[in-house]
Amino acid sequence: MSSAEGARPASFARRVSGTLYRRPGLRLGGLLTAPLGYLVVVYLGALGLLLMSAFWTTDEFSGNLVKSFTWANFHAVATTSVYRTVLIRSVGVAAAVTVICTAVAFPMAFFMAKVAPVRLRRGLVVAVLTPLWASYLVKAFAWRSMFSGDGVLDWALTPFGLSSPGFGLPATVVVLSYLWLPYMILPIYAGLERLPESMLEASADLGAKAGRTFRSVVLPLTIPAVVAGSIFTFSLSLGDYITVQIVGGKTQLIGNLIQTNVGAANNLPLAAALATLPIVIMVGYLLAVRRTGALDNL
Amino acid sequence: MKMRATLVATAAAALALAGCGGSSGTTGSTGQGGFKAPPMKAVTHLGPGEGQVNLISWPGYVEDGSSDKSVDWVHPFEKATGCMVKNHAAGTSDEMVNLMKTGQYDAVSASGDATLRLIAAGSVQPINTKLIPSYKDVFSGLKMKPWNSVNGVAYGVPHGRGANVLMYRTDLVKPAPTSWDVVWNKASPYKGKVTAYDSPIYIADAAVYLMAHRPDLKIKDPYALDDKQFNAAVALLKKQNADIGEYWSDALKQVQSFKSGDLAVGTSWQYNVNLAQSEKAPVDAVLPSEGSTGWSDTWMIAAHTKHLTCAYKWLNWIISPKVNAQVAEWFGEAPSDSKSCALTSDKNFCTTYHANDEAYFKKIWYWTTPIKQCLDGRTDVSCKTYADWTTAWQEIKG
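In order, the protein sequence lines correspond to chains A and B.
Take 569 as the starting number for the first sequence in this note's numbering and just add one per residue.
Take 2 as the starting number for the second sequence in this note's numbering and just add one per residue.
Below is the structure:
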C-alpha cells in the first residue's frame with residue numbers, strides 16, 4: 569500500500585488512520601478513554617467520594633463538614649436500634665415486592681410468550697411498557713388518591729364490608745409492586761421466549777401434566793430470568809424513598825433515613841454510612857445471584 | 002416534581018460540600034451563648050440591578066398569580082425593578098439551610114430555627130438596613146432580635162410572624178378542641194387521622210404541651226431542654242406516633258389529606274387552613290390554651306450572591322407596606338411593616354393577627370435552634386443540641 573502511494577505525501581488523516589491500523593492497542597484506547605473516563609470519574613468517583621465522607625463528621629452547629637477520620641458514623645449505624653428496625657423493614661418490603669412481582673409477572677409473561685398469537689405479542693409487550701412512559705410521581709400520586717379514605721379502593725371494597733387499608737406499609741408494597749412490574753415481566757418474557765416449544769411437547773408426550781411440566785421443565789430453565797428480574801425489583805424497592813412518602817403514611821424506609829440525614833439533619837457523613845447498608849446488601853445479593861447464571865440474562 | 006428538584010439540589014449540595022467544606026471555625030464576633038459569626042461586612046452601596054434574583058421561600062411568600070390570579074406581587078416587582086424572580090418553595094427550615102449551602106440562591110425567608118445556622122455556616126451576609134428604605138417602618142418589637150442579628154449587626158429584614166395552629170375537621174372532631182390534648186393524651190378517638198409536622202423542631206411542640214401539663218419538669222423554654230425534659234418530650238412523641246396517620250412537611254399534601262378526611266386533627270399553618278377552607282373543606286383552626294410554637298421570619302441575603310442589588314430590592318419590596326399587607330393576608334400571619342396595617346383589605350386584620358401585640362406573642366415560642374448553652378439562661382446543665390433533636394426525631398418516627 570505504501571509503495572503504491574509512495575509518490576505523493578500521505579495526508580495527515582491517512583497517517584493517523586495508518587498508525588491506528590497498525591496499533592490495535594492505541595485504537596482501543598482511543599475508543600474507550602472517553603466513556604471509561606466518564607464512568608470512573610462521574611460514577612465511581614462520586615460513589616467513592618460518598619463513601620469517603622462516611623468517615624468524616626459535621627460541625628454540630630453550622631453543619632459544615634469536618635474532614636477528620638472517624639468510625640463514629642459506622643458505630644452509630646451499628647448501635648442505633650432504629651436503623652436496624654428500618655433496615656429490616658426495608659429488606660422486608662423489597663422481598664415482598666419481589667415475590668408479588670414474580671407471582672403476577674410469571675403467568676403474564678407465559679401468556680405473552682407461549683399462549684398469545686404472535687401478532688398479539690408485540691401489542692402486549694407495548695402494553696407492558698406503556699406505564700413506563702408516565703411519570704413515576706404521577707403514578708404514585710394516582711395511587712395516593714386511590715388509597716385515600718374517599719378513594720376508589722374504599723368505594724369498591726365497601727360493598728364487601730371492607731375499607732381501604734389507607735396509607736401505610738401495605739400501600740407502599742402494592743404501589744412499588746405496580747411500579748416495578750414491567751422490570752420483572754420483560755426478563756421472564758425473554759427467558760420464556762427462548763424456551764423451545766418442543767420441550768413442552770416432549771414433556772407432554774412423556775405423559776407429564778401441566779403442573780409437572782412447569783416444575784420439571786419450565787421453572788428450571790427460566791429461574792435465571794426470574795432472578796434477573798428480581799435484581800431490578802429488589803434493588804429498586806430497596807432504594808426507593810419517594811413512594812413511601814406519598815402512600816406510606818408515617819412509615820420510613822432506609823432511603824428516607826438517608827434522605828433525612830442529608831436533607832433535614834444535614835449530616836452527610838452519617839447518611840453516607842447509612843447508604844453503605846443497601847450497597848452491601850445489593851453486592852451480597854448480586855454475588856449470590858451470580859451462581860445461578862442470572863447475570864447472563866440481564 | 003418538587004421532590005425531584007429537592008433531590009437534585011441535595012445532590013448538588015453534597016458535591017459542593019465535599020468540594021469546599023470546612024470553612025467554619027474562622028474567628029468572628031462572638032454573640033449569644035458563645036455563638037460565633039464568620040467575619041463579614043455589610044455592603045455600603047449598591048450597583049445597578051442584575052436582572053435576576055433567585056429566592057427560597059415558605060409556600061405562599063412569593064406569589065406570581067399562579068395560586069390565585071388576584072394574588073401577585075412578583076410581576077409588579079419584576080416590572081418595577083427589572084429583576085426576574087425565580088422561586089423555590091421549601092417545606093422545612095432544614096431544607097432551606099441545605100439549599101442555601103448550594104450557593105445557587107440569592108435570598109431566603111428564614112425562620113428563627115434556621116437564621117443562626119445560616120449565619121454560622123457563612124451562608125448569609127450582614128445587611129445594611131440604610132439601603133432598605135422600608136426598614137424604618139418595621140415594628141420595633143421585631144428589629145434587632147437574637148434571631149435576626151448578632152451583636153447589633155442586622156442579618157436580615159423581618160417579614161412577619163405567627164403561630165402554629167391546631168387545625169381540625171369540624172365534622173369529625175367534636176366538641177371543637179381548645180387544647181392540644183386532642184393530638185397528645187386524648188388522641189385515641191382520632192387514631193390514624195392525627196398529623197404532626199415532619200421536622201425535629203416539632204419536639205418543641207411536645208415541650209410546650211408539657212410546660213402546661215407537667216409543671217414538675219420545670220420547662221421554661223421549649224427550645225432549652227435538659228436530659229430529663231428532653232426524654233419526657235420524646236416519650237410523649239413516641240406515644241403520639243401510634244395515633245399518627247401522616248407526618249406532613251408539604252403544605253398542599255396536608256390540605257389534600259384534610260380535604261379527603263384522611264386527616265382529622267393536627268398542627269398546621271394558618272395558610273393551610275385558609276387554603277383548605279377556600280377549597281370548601283370543613284375545617285377550622287384554633288390557637289390552643291397552652292400557647293403554641295410559632296415563627297418570626299427574616300429575609301436574608303446569600304453571602305456570595307451574584308445578584309446583590311436585586312436581592313436588596315426584593316427585601317425592600319417584600320416589607321414595603323402594600324406588599325407586606327398582601328403577603329400577610331394571603332399567608333395568614335402578622336405583618337412586620339407598621340404601615341401595612343392600614344392597607345389590608347380586612348380592616349381588622351392586624352387586630353385579628355395581633356400584629357403589634359407583644360403580650361400575645363409572649364404565648365408563642367418562636368422557632369429557635371436549640372444549642373448546648375441553655376437558651377433559658379441555666380448554666381448548671383447543658384441542653385440538647387439540634388443534632389440530638391434530629392437523632393431523636395428519627396427514633397420517634399421509628
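The beta carbon of each residue, even a glycine, is placed where N, CA and C say it ideally should be.
Values in this document were obtained by computation on a predicted structure and should not be read as measured data.
* Which residues mark the beginning and the end of the beta strand (DSSP E) in which B:Ile302 is found? -> Looking up residue 302 of chain B in the second sequence gives position 301. Segment Ser293 to Ala303, the beta strand (DSSP E) holding B:Ile302.
* To do: Ignore the nearest five residues each way along the sequence and tell me which others in A:Val812's own chain have a CB closer than 6 Å to its CB.
  => Counted from its first residue, the first sequence places residue 812 of chain A at position 244. These residues qualify, in order along the chain: Thr740, Thr819 and Leu821.
* Please say whether B:Leu276 and B:Val256 have beta carbons closer to each other than 7 Å? => Looking up residue 256 of chain B in the second sequence gives position 255. Looking up residue 276 of chain B in the second sequence gives position 275. For the 7 Å CB-CB criterion, B:Val256 and B:Leu276 form a contact.
* Three-way DSSP call (helix, strand, coil) for B:Thr28 in this model -> Within the second sequence, residue 28 of chain B is the residue found at index 27, counting from 1. Because B:Thr28 carries a pLDDT of 33, less than 50, the predicted location of this residue cannot be relied on, and the following value inherits that uncertainty. In this structure, B:Thr28 counts as coil in the three-state DSSP scheme.
* Short-range partners of chain A found in the region 96-116 of chain B, where Cβ spacing is below 7 Å -> Cβ contacts with chain A come from Glu96, Val98 and Asn99.
* **DSSP three-state assignment for B:Trp318, whether helix, strand or coil** => Residue numbering aside, residue 318 of chain B sits at position 317 when the second sequence is read from its first letter. Helix at B:Trp318.
* **Proximity of B:Ala416 and B:Met97 at Cβ, strictly below 7 Å** => Any answer about residue 416 of chain B is impossible in this case: the structure gives chain B only from 2 up to 399.
* **Near-chain B residues of the region 818-849 of chain A (beta-carbon distance less than 7 Å), N- to C-terminal order** => Listed by position along the chain: Lys818, Gln820, Leu825, Thr828, Val830, Gly831, Ala832, Ala833, Asn834 and Leu836.
* Closest Cβ-Cβ distance between B:Ser261 and chain A: below 7 Å? -> In the second sequence, counting from the first residue as 1, residue 261 of chain B sits at position 260. Taking a beta-carbon distance threshold of 7 Å, B:Ser261 counts as an interface residue toward chain A.
* Asked: Looking at the structure shown, is A:Pro792 part of a helix, part of a strand, or coil, going by DSSP?
  -> Here residue 792 of chain A corresponds to residue number 224 of the first sequence, with the count starting at 1. In the structure shown, A:Pro792 sits in a helix (DSSP, three-state: H, G or I).
* To do: Note down the Cα distance separating B:Glu396 from B:Tyr203, rounded to an integer number of angstroms.
  => Position 395 of the second sequence, counting from 1, holds the residue named residue 396 of chain B. Position 202 of the second sequence, counting from 1, holds the residue named residue 203 of chain B. In this structure, the alpha-carbon of B:Glu396 lies about 14 Å from that of B:Tyr203.
* To do: Answer yes or no: does any C-beta atom of chain B fall closer than 7 Å to that of A:Ser732?
  => Counting from one through the first sequence, the residue named residue 732 of chain A turns up at place 164. Closer than 7 Å: no.
* Assign B:Asp298 to buried or exposed, taking buried as 16 or more other Cβ atoms, counted over all protein chains shown, within 10 Å of its Cβ. => Position 297 of the second sequence, counted from the start, is the residue given in the question as residue 298 of chain B. B:Asp298 should be labelled buried.
* Contacting positions in the region 639-671 of chain A - beta carbon closer than 7 Å to chain B -> Cβ proximity to chain B below 7 Å picks out Val650 and Thr653 from the region 639-671 of chain A.
* Asked: Quick one: is B:Ile302 near chain A, going by C-beta distance under 7 Å?
  -> In the second sequence, residue 302 of chain B corresponds to position 301, counting from 1. So no, B:Ile302 is outside the interface.
* Closest to A:His643 by CA distance: which of A:Trp624, A:Tyr809, A:Val634 and A:Gly660 is it? -> In the first sequence, residue 643 of chain A corresponds to position 75, counting from 1. Out of A:Trp624, A:Tyr809, A:Val634 and A:Gly660, A:Trp624 has the C-alpha closest to the C-alpha of A:His643.
* Asked: Given that A:Asp722 touches chain B, what residues does it touch there, using C-beta distances under 8 Å?
  -> If you number the first sequence from 1, residue 722 of chain A lands on position 154. Residues of chain B passing the Cβ test: none, with the nearest at roughly 10 Å.
* To do: Tell me, to the nearest whole angstrom, how far the beta carbon of A:Ser745 is from that of A:Ile810; I am working on the premise that it is less than 8 Å.
  => As a first step, residue 745 of chain A is located in the first sequence; it is residue number 177 there, counting from the start. As a first step, residue 810 of chain A is located in the first sequence; it is residue number 242 there, counting from the start. Their Cβ separation, rounded to whole angstroms, is 15 Å, which puts A:Ser745 and A:Ile810 out of contact at 8 Å.
* To do: Check whether the Cβ atoms of B:Ala312 and B:Val54 sit closer than 7 Å, and answer yes or no.
  => As a working mapping, residue 312 of chain B is identified with position 311 in the second sequence. As a working mapping, residue 54 of chain B is identified with position 53 in the second sequence. Their beta carbons are under 7 Å apart, which means B:Ala312 touches B:Val54 by this criterion.
* Asked: Excluding the five sequence neighbours on either side, which residues of its own chain have a C-beta within less than 7 Å of the C-beta of B:Val284, listed in chain order?
  -> Within the second sequence, numbered from 1, the residue matching residue 284 of chain B stands at position 283. Result list for B:Val284: Met168, Tyr169, Arg170, Thr171, Phe259, Val274, Ala277 and Gln278, in chain order.
* Of all the alpha helix (DSSP H) runs that stay within the bounds of the region 619-691 of chain A, which reach a length of 4 or more residues? -> Runs found: 640-647 and 649-678.
* Exposed unless 16 or more other CB atoms sit within 10 angstroms - verdict on B:Gly113 -> Within the second sequence, residue 113 of chain B is the residue found at index 112, counting from 1. The residue in question, B:Gly113, is buried, as its Cβ has 16 or more Cβ neighbours within 10 Å.
* **Neighbour list for B:Pro245 in chain A, Cβ cutoff strictly below 7 Å** => If you number the second sequence from 1, residue 245 of chain B lands on position 244. Reading off the sequence shown, one finds Ile at residue 245 of chain B, where the question assumed Pro. Correct list: Lys818.
* DSSP state of B:Gln241 mapped onto helix, strand, coil -> Translated into the one-based positions of the second sequence, residue 241 of chain B becomes position 240. Shown here, B:Gln241 sits in a helix according to DSSP, grouped into three states.
* Which residue or residues does DSSP assign as beta-bridge partners of B:Val151? -> On the second sequence, residue 151 of chain B is found 150 positions in, with the first residue counted as 1. Its beta-bridge partners are B:Val154.
* **N- and C-terminal bounds of the beta strand (DSSP E) containing B:Lys87** => Taking the first residue of the second sequence as position 1, residue 87 of chain B is located at position 86. Counting along the chain, the beta strand (DSSP E) containing B:Lys87 begins and ends at Met85 to Ala90.
* Which residue's Cα is closest to the Cα of B:Gly267: B:Asn357, B:Tyr191, B:Ser94 and B:Tyr106? -> Within the second sequence, numbered from 1, the residue matching residue 267 of chain B stands at position 266. Among B:Asn357, B:Tyr191, B:Ser94 and B:Tyr106, the Cα nearest to that of B:Gly267 is on B:Tyr191.
* To do: Measure the C-alpha to C-alpha separation of A:Ser771 and A:Ser805 and round it to an integer number of angstroms.
  => Here residue 771 of chain A refers to the residue found at position 203 when the first sequence is read from its first residue. Here residue 805 of chain A refers to the residue found at position 237 when the first sequence is read from its first residue. Whole-angstrom Cα-Cα distance: 37 Å.
* Using a C-beta to C-beta distance shorter than 9 Å, which residues of chain E count as neighbours of A:Ser716? -> Protein chains A and B are contained in the structure displayed, whereas chain E is not.
* Residue environment, B:Pro49, which counts as buried when at least 16 other CB atoms sit within 10 Å -> Against the second sequence, residue 49 of chain B aligns to sequence position 48. B:Pro49 should be labelled exposed.
* Please confirm if B:Gln395 has its CB atom under 7 Å from at least one CB of chain A. => As a first step, residue 395 of chain B must be located in the second sequence, where it is residue number 394. Chain A, which has a Cβ nearer than 7 Å to the Cβ of B:Gln395, makes this yes.
* Per DSSP, cross-strand counterpart(s) of A:Ile799 -> As a working mapping, residue 799 of chain A is identified with position 231 in the first sequence. In the DSSP assignment, no residue is bridged to A:Ile799.
* Asked: Taking DSSP as the reference, what is the three-state secondary structure of B:Thr196?
  -> As a first step, residue 196 of chain B must be located in the second sequence, where it is residue number 195. Reduced to three states, the DSSP call for B:Thr196 is strand.
* Roughly how many angstroms separate the alpha carbons of B:Gly123 and B:Ala38, rounded to a whole number? -> In the second sequence, the residue the question calls residue 123 of chain B occupies position 122. In the second sequence, the residue the question calls residue 38 of chain B occupies position 37. Spanning the alpha carbons of B:Gly123 and B:Ala38 requires a straight line of approximately 8 Å.
* Asked: Listing by chain order, which chain B residues have their CB less than 8 Å from the CB of A:Phe735?
  -> Along the first sequence, one-based indexing puts residue 735 of chain A at 167. Scanning chain B for C-beta atoms nearer than 8 Å to the C-beta of A:Phe735 yields Gly246, Glu247 and Asp263, reported in chain order.
* Asked: Is the region 694-707 of chain A touching the region 776-783 of chain A, taking contact as three or more C-beta pairs under 8 Å?
  -> Segments in contact, no.
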